[in-house]
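Chains as they are written, first to last, in the working numbering: chain A, 3 to 204; chain B, 21 to 215. Worksheet for the structure shown next.
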């Protein structure tokens, strides 16, 4: 595989959300708005890139028996780093007194540690490849995840709240509330997966 | 084997320690900004730091005590922000910051924490709902939604959330009133002490 293929496979062909159907918990929970979906995706990308690079660098020194615990420690450390950074730098309330980005994502930032995409890439790719390909793999899969979350968030926000990244586009009377609630997450995800599969096969 | 795992843990904890030290300052500052922001929204303009000018009062009907922050202009009290709560929300806990002006009327309200249904009860954070409480006096007219014979316009399709909201505000008022009338505090407000 060329470097470009390693990077680009995560965007569509092996998109973690639409094709591999991994890490569904944050996908369903944090996509009530495009902005929070995108932030969640970027936070996961940050963890994925760094953990992939570190794990590819240390994999050959780690005995097989403590492989998974070591990977989890590495991943959990980077997740905590993201959590601390977000609590410090994206924690100011919105102009209208709305919750800060950190408060919006809430428990789902610490929960990146149990996102199976991250450990999945560590096991399936980073532990068998060099630092540079692992970087590209993490970046590609992470951006594919971000793309998926942003798309779902934008669709749900558009129909549910009539806004696009917070900018009003539809009058409030046209809002369909179910899109913002949990059932809306499943419905939109189902239709988008169907659409992506259709496009992949044609 | 043990050595490798130990080494991984050691390096990770060193990294966490370093990041924690770097972010501790900005994190505390962000928390403070959030708190001052909520207080600033519900009180008339003030020139002190209400965050430091705080005291606790017992809740009127038992339960957790409420934290109050006093806003002052040149030492004169212009209002008090009461951090209040209710457990009657559609999904349990709702926390509000209610600001009372010097006459004990509601100046403004800000929602600190809620888990109500998105698009229904969660609209309690919007100005369209909050603004009807401004300059109301919960002592003269207890806060109730119209469905219960009161004057508050409930959020459409979210009467439970609106009732909970009124419950929290009323709790803030009753506790604050008890505190002002109480034997422990001087009824004239803090102005005399300071000047």
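The C-beta atom is built at its ideal place from N, Cα and C for all residues, glycine as well.
(message) In the DSSP assignment, the beta strand (DSSP E) including residue 65/B goes from what residue to what residue?
(response) Annotation: residue 65/B is outside any beta strand (DSSP E) and is labelled neither H nor E by DSSP.
(request) Say whether the stretch 66-80 of chain A touches the stretch 47-56 of chain A, bearing in mind that this needs 3 or more beta-carbon pairs closer than 8 angstroms, one atom from each stretch. (result) These segments touch.
(request) Ignore the nearest five residues each way along the sequence and tell me which others in residue 99/B's own chain have a CB closer than 7 angstroms to its CB. (result) The beta carbon of residue 99/B sits closer than 7 angstroms to the beta carbons of 63, 64, 91, 119, 120, 121, 122, 127 from its chain, once the five residues preceding and following it are set aside; these are given in chain order.
(message) Tell me the DSSP secondary structure of residue 209/B in three-state form.
(response) Low confidence applies here, because residue 209/B scores a pLDDT of 44, under 50, leaving its location unreliable; read the following figure in that light. Note: residue 209/B maps to coil in three-state DSSP.
(message) Under DSSP, the alpha helix (DSSP H) around residue 8/A begins and ends at which residues?
(response) Start and end: 5-10.
(request) Identify the contact partners of residue 32/A in chain B, using a Cβ-Cβ distance below 7 angstroms as the criterion. (result) Near residue 32/A there are no residues of chain B at all, since even the closest Cβ is about 13 angstroms away, more than 7 angstroms.
(message) For residue 71/B, which residues in the same chain have their Cβ closer than 8 angstroms to its Cβ, ignoring the five residues on either side in sequence?
(response) 52, 55, 56, 59, 89, listed in sequence order.
(message) Give the list of continuous alpha helix (DSSP H) stretches no shorter than 4 residues that lie fully inside the stretch 46-118 of chain A.
(response) Every unbroken stretch of the alpha helix (DSSP H) spanning 4 or more residues and falling wholly within the stretch 46-118 of chain A is given here in chain order: 69-91, 103-107.
(message) Within 7 angstroms of any Cβ in chain A, is that where the Cβ of residue 54/B sits?
(response) Yes - at least one Cβ of chain A is within 7 angstroms of the one on residue 54/B.
(message) Is residue 157/A close to chain B? Criterion is C-beta to C-beta, closer than 7 angstroms.
(response) No, because no Cβ of chain B sits closer than 7 angstroms to the Cβ of residue 157/A.
(message) Looking at the secondary structure, which residues open and close the alpha helix (DSSP H) in which residue 190/B lies?
(response) Its alpha helix (DSSP H) spans residues 179-201.
(message) If I measure Cβ to Cβ from residue 41/A and keep anything under 7 angstroms in the same chain, skipping five residues before and after, which residues do I get?
(response) Within the same chain, and ignoring the five residues on either side of residue 41/A in sequence, the residues whose Cβ sits closer than 7 angstroms to its Cβ are 103, 107.
(request) Have a look at residue 101/B and residue 117/B and give me their C-alpha separation to the nearest angstrom. (result) In a straight line, the C-alpha of residue 101/B is about 6 angstroms away from that of residue 117/B.
(message) If I measure Cβ to Cβ from residue 165/B and keep anything under 7 angstroms in the same chain, skipping five residues before and after, which residues do I get?
(response) Excluding residues within five positions, the ones whose Cβ falls inside 7 angstroms are 172, 174, 179, 182, 183, 186.
(message) Please classify residue 176/A as buried or exposed, where buried requires at least 16 neighbouring CB atoms within 10 angstroms.
(response) Looking at its Cβ environment, which holds fewer than 16 other Cβ atoms inside 10 Å, residue 176/A is exposed.
(request) Tell me, please, whether the stretch 145-164 of chain A touches the stretch 29-49 of chain A by the rule of three or more beta-carbon pairs shorter than 8 angstroms. (result) Result yes; three or more Cβ-Cβ pairs closer than 8 angstroms.
(request) State yes or no: is the beta carbon of residue 28/A nearer than 7 angstroms to at least one beta carbon in chain B? (result) It does not: the Cβ of residue 28/A has no partner Cβ on chain B nearer than 7 angstroms.
(message) Please report whether the beta-carbon of residue 32/B lies at a distance below 7 angstroms from any beta-carbon of chain A.
(response) Look at residue 32/B: its C-beta is under 7 angstroms from a C-beta on chain A.
(request) Could you tell me which uninterrupted alpha helix (DSSP H) segments, each at least 4 residues in length, are contained entirely in the stretch 131-184 of chain A, listed from first to last along the chain? (result) Taken in chain order, the unbroken stretches of alpha helix (DSSP H) that lie wholly in the stretch 131-184 of chain A and span 4 residues or more are 133-163.
(message) Can you tell me which residues form a DSSP beta bridge with residue 125/A?
(response) According to DSSP, residue 125/A bridges with nothing at all.
(message) In whole angstroms, give me the CA-to-CA distance for residue 157/B and residue 198/A.
(response) Distance between the alpha carbons of residue 157/B and residue 198/A: 57 angstroms.
(request) Compile a chain-ordered list of the residues in the stretch 42-53 of chain A whose CB is closer than 8 angstroms to at least one CB of chain B. (result) If the cut-off is 8 angstroms between Cβ atoms, the stretch 42-53 of chain A has nothing near chain B.
(message) Let's test the definition: count the other Cβ atoms within 10 Å of the Cβ of residue 41/B and tell me whether it reaches 16, buried, or not, exposed.
(response) Residue environment: residue 41/B is assigned as exposed (fewer than 16 neighbouring CB atoms within 10 Å of its CB, all protein chains considered).
(request) Please determine if the stretch 138-151 of chain A and the stretch 12-22 of chain A are in contact, where contact requires at least 3 C-beta pairs separated by less than 8 angstroms. (result) Yes: the two stretches touch, three or more of their Cβ pairs being nearer than 8 angstroms.
(request) Check whether the Cβ atoms of residue 86/A and residue 28/B sit closer than 7 angstroms, and answer yes or no. (result) The answer is no: Cβ separation not under 7 angstroms.
(request) Could you give the DSSP three-state label for residue 59/B: helix, strand or coil? (result) Helix.
(message) If you measure between the beta carbons of residue 183/A and residue 44/B, is that distance less than 7 angstroms?
(response) The answer is no: Cβ separation not under 7 angstroms.
(message) Helix, strand or coil for residue 71/B? Go by DSSP, reduced to three states.
(response) Three-state DSSP puts residue 71/B in coil, outside helix and strand.
(request) Determine the chain B residues that contact residue 67/A at a beta-carbon separation under 8 angstroms, and present them in chain order. (result) Chain B residues near residue 67/A: 21.
(request) Apply the 10 Å Cβ neighbour rule to residue 7/A and answer buried if 16 or more other Cβ atoms are within range, or exposed otherwise. (result) Residue 7/A is exposed by the Cβ-count criterion.
(message) Can you check which of these residues, 20/A, 194/A, 59/A, 187/A, is closest to residue 130/A by C-alpha distance?
(response) Comparing Cα positions, the closest option is 59/A.
(request) Between the Cα of residue 31/A and those of 187/A, 192/A, 193/A, 200/A, spot the shortest distance and give me the residue it belongs to. (result) Here the closest residue by C-alpha is 187/A.
(request) Answer yes if the stretch 116-128 of chain A comes into contact with the stretch 16-25 of chain A, meaning at least three C-beta pairs across the two stretches below 8 angstroms, and no otherwise. (result) These segments touch.
(request) Taking only beta carbons into account, state which residues of the stretch 169-196 of chain A come closer than 8 angstroms to chain B, listed in chain order. (result) Listed by position along the chain: 177, 179, 182, 183.
(request) Output yes if chain A places a C-beta closer than 7 angstroms to the C-beta of residue 46/B; else output no. (result) Yes - at least one Cβ of chain A is within 7 angstroms of the one on residue 46/B.
(message) Suppose the cutoff is 7 angstroms on Cβ atoms and the five residues either side in sequence are ignored; what does the same chain contact list for residue 148/A look like?
(response) Residues of the same chain with a CB within less than 7 angstroms of the CB of residue 148/A, apart from the 5 flanking positions on each side, are 40, 43, 44, 47 in chain order.
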